[in-house]
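Numbering (this note's numbering), first residue to last: 28 to 334.
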């Protein structure tokens, strides 16, 4: 296998690119602002090609030294055929044969995957899940994503959409969700929902997540109670996942969890211990993700290595 891969993490705000070596280290990087291309698909593809060739020039890498390009995208992906089926937060991306387009233009093998699956692969191989055969990875941010490793393999499901933990219903009569369901976990712990609830209970318009965190650090009882409620929702969602799948490890990442870990982790673990079936609850460990914002890029290395 060649020494390097190029990883690309397409987000609703930014697109991060990096050259990753065989140890999972990002040795060069660049980024694009998604909004600059959000209404022009071809413009975005052209920008990706330019950014990739720019990274190769920066690192003086030849095509023969690159095993492939791995791209994580926030939506429904067909990884077998290399087609972007649908990106809910980036318009005009339906049934796009991105693998074929990039391979024709760059002559480098290209692989597509859901963005949270790449994070899951990275944490399993290089991060918090090293040495674990079965794990669940959850990301908490604008939404709630999930990835599954079973018996040392990424589990995608028959339609490649397994892991939608954010759309597991917490109750039978909750908030309506854009997915078409209601009572979904994401409608209680996504950052927009946290901000909306904080504005209501704290009486502060246009409040931000960092402001809620600051109030909690200062001992504000309403802010602390808000984070506790968020943690309880997450914990209750995890109980169902753990009882069903019996993983040995749950890795939690994403901005909401990473930056507010001190207010969430203890309550989540308490809920899991209290409500899980005894066998599953005793064995599972719940840990914070280790790789941060680079996880999606690093996951491309694992994806291509396992292809």
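By construction, the Cβ of each residue, glycine as well, lies at the ideal position given by its N, Cα and C atoms.
On a predicted model such as this, the values are computed, not experimentally measured, just so you know.
Rounded straight-line distance, which links the Cα of residue j to that of residue i
i	j	result
residue 408	residue 69	Any property of residue 408 remains undetermined from this structure, which presents the chain solely from 28 to 334.
residue 284	residue 168	8 Å
residue 185	residue 124	20 Å
residue 77	residue 101	21 Å
residue 281	residue 177	22 Å
residue 300	residue 253	21 Å
residue 287	residue 127	41 Å
residue 217	residue 294	17 Å
residue 187	residue 147	14 Å
residue 40	residue 98	16 Å
residue 317	residue 289	15 Å
residue 270	residue 155	21 Å
residue 308	residue 173	19 Å
residue 152	residue 329	7 Å
residue 141	residue 260	25 Å
residue 200	residue 206	15 Å
residue 131	residue 71	16 Å
residue 255	residue 234	18 Å
residue 241	residue 214	23 Å
residue 296	residue 246	22 Å
residue 272	residue 74	41 Å
residue 150	residue 229	36 Å
residue 50	residue 158	15 Å
residue 136	residue 319	26 Å
residue 203	residue 305	33 Å
Cβ neighbours of residue i in the same chain (closer than 6 Å, five flanking residues each side left out)
i	result
residue 179	160
residue 212	171, 193, 195, 197 and 264
residue 239	225 and 250
First and last residue of the uninterrupted alpha helix (DSSP H) at residue i
i	result
residue 218	218-229
residue 309	305-310
residue 298	288-302
residue 330	322-332
Contact belief for residue i with residue j at Cβ below 8 Å, rounded distance in angstroms
i	j	result
residue 138	residue 95	6 Å
residue 265	residue 277	6 Å
residue 193	residue 210	Going by Cβ atoms, the distance from residue 193 to residue 210 rounds to 12 Å, so no, they are not a contact pair.
residue 120	residue 129	At roughly 14 Å, the Cβ-Cβ gap does not stay under 8 Å, so residue 120 and residue 129 are not in contact.
residue 103	residue 112	4 Å
residue 86	residue 55	5 Å
residue 82	residue 58	That pair is no contact at about 11 Å.
residue 221	residue 236	7 Å
residue 110	residue 268	Wrong, their Cβ atoms sit about 28 Å apart, outside the cutoff.
residue 327	residue 145	6 Å
Cut-off 8 Å between Cβ atoms - residues of its own chain near residue i, not counting five sequence neighbours on either side
i	result
residue 53	34, 45, 46, 47, 321, 324 and 325
residue 227	none
residue 263	197, 298 and 302
residue 66	118 and 119
residue 251	243 and 290
residue 208	194 and 196
Backbone secondary structure at residue i - three-state DSSP
i	result
residue 179	coil
residue 127	helix
residue 244	helix
residue 212	coil
residue 90	helix
residue 163	strand
residue 336	Residue 336 lies beyond the residue range present for the chain, which begins at 28 and ends at 334; the question has no answer from this structure.
residue 196	strand
residue 117	coil
residue 48	coil
residue 239	helix
residue 104	strand
residue 158	coil
residue 273	coil
residue 43	strand
Same chain, Cβ closer than 7 Å to residue i, five either side skipped, listed in chain order
i	result
residue 38	61 and 101
residue 248	none
residue 189	175, 182 and 183
residue 279	165, 167, 313, 315 and 316
residue 310	275
residue 134	90
Beta strand (DSSP E) segment containing residue i, residue limits
i	result
residue 109	From DSSP, residue 109 is part of no beta strand (DSSP E); its letter is neither H nor E.
residue 31	31-37
residue 141	137-141
residue 318	It is not in any beta strand (DSSP E) - residue 318 carries neither H nor E in the DSSP assignment.
residue 56	53-60
residue 278	276-280
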